[in-house]
Amino acid sequence: MKKEVKDTIIVTLGEQLKKYPHFYLVDVSGLNAEDTSNLRRKCFKNEIKMVVVKNTLLHKAFEASEIDFEPLYSTLKGNTAVMFTNVANTPAKLLKEYSKAGIPALKGAYAEEGIFVGADKLEELSSIKSKSELIADVVALLQSPIKNVISGLNAGGKIHGLLDAIAERNK
Numbered sequence: 014m015k016k017e018v019k020d021t022i023i024v025t026l027g028e029q030l031k032k033y034p035h036f037y038l039v040d041v042s043g044l045n046a047e048d049t050s051n052l053r054r055k056c057f058k059n060e061i062k063m064v065v066v067k068n069t070l071l072h073k074a075f076e077a078s079e080i081d082f083e084p085l086y087s088t089l090k091g092n093t094a095v096m097f098t099n100v101a102n103t104p105a106k107l108l109k110e111y112s113k114a115g116i117p118a119l120k121g122a123y124a125e126e127g128i129f130v131g132a133d134k135l136e137e138l139s140s141i142k143s144k145s146e147l148i149a150d151v152v153a154l155l156q157s158p159i160k161n162v163i164s165g166l167n168a169g170g171k172i173h174g175l176l177d178a179i180a181e182r183n184k
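Just remember that my numbering sits 13 ahead of the position in the sequence shown, which is counted from 1.
Printed below as a string of structure tokens:
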């Protein structure tokens, strides 16, 4: 491979590292062509960009980045694919589907706040809620007291009875 091509790949990887807040390093060496194609389709469907890279080029892209990716250097052995994503738990859920066969295997992961995760944390990664799921939970928690008051008001239609019940409970 020519130096110009390598430089282009390093720059492209650097741009992807800046664009996506989360990525997973995965070993895809045990997958045949059909399984790799199926994995790529599932990645595309789940808005994950999967790129198979040379370890040395990814290492150079890590070094050129403003973020210190040194904890991930030790994972750059064998065949490596990078799964770039905007939602941290999506690749983990996808990899968990394949976990029974052990292929593809998680090597490491990076989350936007500088969190580095090893291969043994796939279960925890898949159970983490996404940002939108957390926001939905908070909104539901905020709405539940209001819903209780409204349902109490609508249930009997008698505000006086409700106020008496509250007054009795406070005594």
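Yeah, the Cβ is synthetic: ideal placement off N, Cα and C, and Gly gets one too.
Just so we're clear, the structure is a prediction, and the values are computed from it rather than from any experiment.
{"Check": "Beta-carbon separation of residue 52 and residue 104 under 8 Å?", "Outcome": "no"}
{"Check": "Quick one, which of 182, 159 and 99 has its alpha-carbon nearest residue 37's?", "Outcome": "99"}
{"Check": "Which first and last residues belong to the beta strand (DSSP E) in which residue 196 is found?", "Outcome": "Residue 196 is absent from the structure shown; the chain starts at 14 and stops at 184."}
{"Check": "Spell out a yes or no on whether the segment 66-84 and the segment 24-31 are touching, meaning 3 or more CB-CB pairs, one atom from each, closer than 8 Å.", "Outcome": "yes"}
{"Check": "So, residue 120 versus residue 40, is the Cβ gap smaller than 8 Å?", "Outcome": "yes"}
{"Check": "Determine whether the beta carbon atoms of residue 70 and residue 144 lie at a separation below 8 Å.", "Outcome": "no"}
{"Check": "Using DSSP's beta-bridge definition, name the partner residues of residue 97.", "Outcome": "36 and 62"}
{"Check": "Between the C-alpha atoms of residue 50 and residue 42, what's the straight-line distance to the nearest angstrom?", "Outcome": "13 Å"}
{"Check": "Taking the CB atoms as reference points, tell me whether residue 107 and residue 160 lie closer together than 8 Å.", "Outcome": "no"}
{"Check": "Where does residue 57 land, buried or exposed, given buried means 16+ other C-beta within 10 angstroms?", "Outcome": "exposed"}
{"Check": "For the alpha helix (DSSP H) holding residue 104, just list the boundary residues, first then last.", "Outcome": "103-111"}
{"Check": "Quick one, are the C-beta atoms of residue 64 and residue 95 less than 8 Å apart?", "Outcome": "yes"}
{"Check": "Sort 68, 25, 34 and 15 by Cα distance to residue 122 and report the nearest one.", "Outcome": "34"}
{"Check": "Select from 44, 141, 22 and 45 the residue whose C-alpha is nearest the C-alpha of residue 67.", "Outcome": "22"}
{"Check": "In three-state DSSP terms, what is residue 50?", "Outcome": "helix"}
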